[in-house]
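**Q** Per mature numbering (1 follows the signal peptide of the UniProt record, and there is no 0), the sequence shown runs over residues -23 to -1, 1 to 256.
Mind looking over this structure? Questions follow.
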Amino acid sequence: MKKSASWHLLCAGAALALSVAVASGQTPEAEPDAAPALAAPPAAAKPAPKPAAARRIPLPPQRPASLASADAAPGAETKVAAAGPITLPSARAQAQPAAAADTSPRAIVERANASLNAMSSLSAEFVQVGQNGRRLEGNLFVQKPGKMRFEYKSNPVEIVADGSSVAIRDRKLNTQDVYSIGQTPLKFLLKEHVDLARDTKLVSADASPDLVSVSLEDKSTFGGTSRVTLFFDPRTYALKQWLVVDPQGYETNVSLRNVDLQAKLDQRLFNINFTRILN
């Protein structure tokens, strides 16, 4: 451990005093010769006086550990004061506002694609409302790729897609019209992999707290250009309903309820009896 500065000053002062005394001749002189005298018996030697106790030199106060210099003696122990308790910020202070969901058209379409591509089968009840206000109800079955069946209650019409064709049957009139599935406005919903921006012409994509909508145009439908608007749940992006405007401008709105995405469907639901065309 290094000596303190006061210790160094004291040692330097003592050496200086000794050198001054020697230089000035302040040493004891010898006495002149005297008449011979009888030699006195030698006096008993007096014990040498004990040296005075060294003056206690006050040490400087201990330097705080936080101010210890980098050149402290190697191996010297440094006492560190115990740290006080650490106060963590409260949960309220730590909470950060959640990042707002991306509502750009591209992000909306990507989430819609992901939702549609996650669906392989579907069973649901539907309500269909035409432009004239007529309301029809029934059951919808979908099996990707390409298969679909609309069964109407209290109506003789049924629509069946078998993967390549779509048949519209009227049991009352005993008629059946068959079209290529590529001519139907909902063909992209039946694809194995859906990409709305690539498969159709994207018109708009909007999001609100209550509903997400994606509007598309398809020029390949029978009779001309159809417009389809899909509506999704804003939290789960589950398909809730769609609006179709056919080439003649007729609007049909279909909403879904009691949707089951795990349904095991009988494949006979999607059979088309082509012999009815000939009868």
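Glycine included, each C-beta is placed from N, C-alpha and C at the ideal position.
Please read these numbers as outputs of a predicted model, since none were measured by experiment.
#1: So, are the CB atoms of E135 and L117 less than 9 Å apart?
#2: I believe A101 touches L233 by the beta-carbon criterion, under 8 Å. Please report the beta-carbon distance rounded to the nearest angstrom.
#3: Using beta-carbon positions only, say whether T206 and L216 come within less than 9 Å of one another.
#4: Going by alpha carbons, who is nearest to S142 out of N132, V155 and R148?
#5: Please classify D147: is it buried, with 16 or more other beta-carbons within 10 angstroms of its beta-carbon, or exposed?
#6: Quick one: what's got a C-beta closer than 7 Å to N90's C-beta in the same chain, skipping five residues either side?
#7: Note the first and the last residue of the continuous alpha helix (DSSP H) segment covering A144.
#8: So within the segment 132 to 201, which uninterrupted alpha helix (DSSP H) runs reach at least 4 residues, ignoring any that extend past its ends?
#9: With distance defined between alpha-carbon atoms, name the residue in R111, F209, K196 and D243 nearest to residue 266.
#10: Using only the alpha-carbon positions, how far apart do G159 and T198 sit?
#11: Can you tell me where the beta strand (DSSP E) with R234 in it begins and where it stops?
#12: Determine the burial state of S203: buried for a count of at least 16 other Cβ atoms within 10 Å of its Cβ, exposed for fewer.
**A** Based on what the coordinates show:
#1: Within the sequence shown, numbered from 1, the residue matching residue 135 stands at position 158. Within the sequence shown, numbered from 1, the residue matching residue 117 stands at position 140. Between E135 and L117, the CB-CB gap reaches or exceeds 9 Å.
#2: Taking the sequence shown and counting its residues from 1, the one referred to as residue 101 is at position 124. Taking the sequence shown and counting its residues from 1, the one referred to as residue 233 is at position 256. With 8 Å as the limit, A101 and L233 qualify as a contact, their Cβ atoms being about 5 Å apart.
#3: Taking the first residue of the sequence shown as position 1, residue 206 is located at position 229. Taking the first residue of the sequence shown as position 1, residue 216 is located at position 239. Contact: no.
#4: If you number the sequence shown from 1, residue 142 lands on position 165. Among N132, V155 and R148, the Cα nearest to that of S142 belongs to V155.
#5: Residue numbering aside, residue 147 sits at position 170 when the sequence shown is read from its first letter. Exposed is the call here.
#6: The residue labelled residue 90 in the question sits at position 113 within the sequence shown. Only V171, D172 and L173 meet the Cβ criterion.
#7: Against the sequence shown, residue 144 aligns to sequence position 167. DSSP places A144 in no alpha helix (DSSP H) but in the uninterrupted beta strand (DSSP E) bounded by S142 to D147.
#8: Runs of the alpha helix (DSSP H) lying entirely within the segment 132 to 201, each at least 4 residues long, are 173 to 176 in chain order.
#9: The question about residue 266 has no answer, for the chain in this structure spans -23 to 256.
#10: Here residue 159 is taken as the residue at index 182 of the sequence shown, counted from 1. Here residue 198 is taken as the residue at index 221 of the sequence shown, counted from 1. Between G159 and T198, the C-alpha separation is close to 7 Å.
#11: One-based indexing of the sequence shown puts residue 234 at position 257. That run of the beta strand (DSSP E) goes E228 to D237.
#12: Counted from its first residue, the sequence shown places residue 203 at position 226. It counts as buried.
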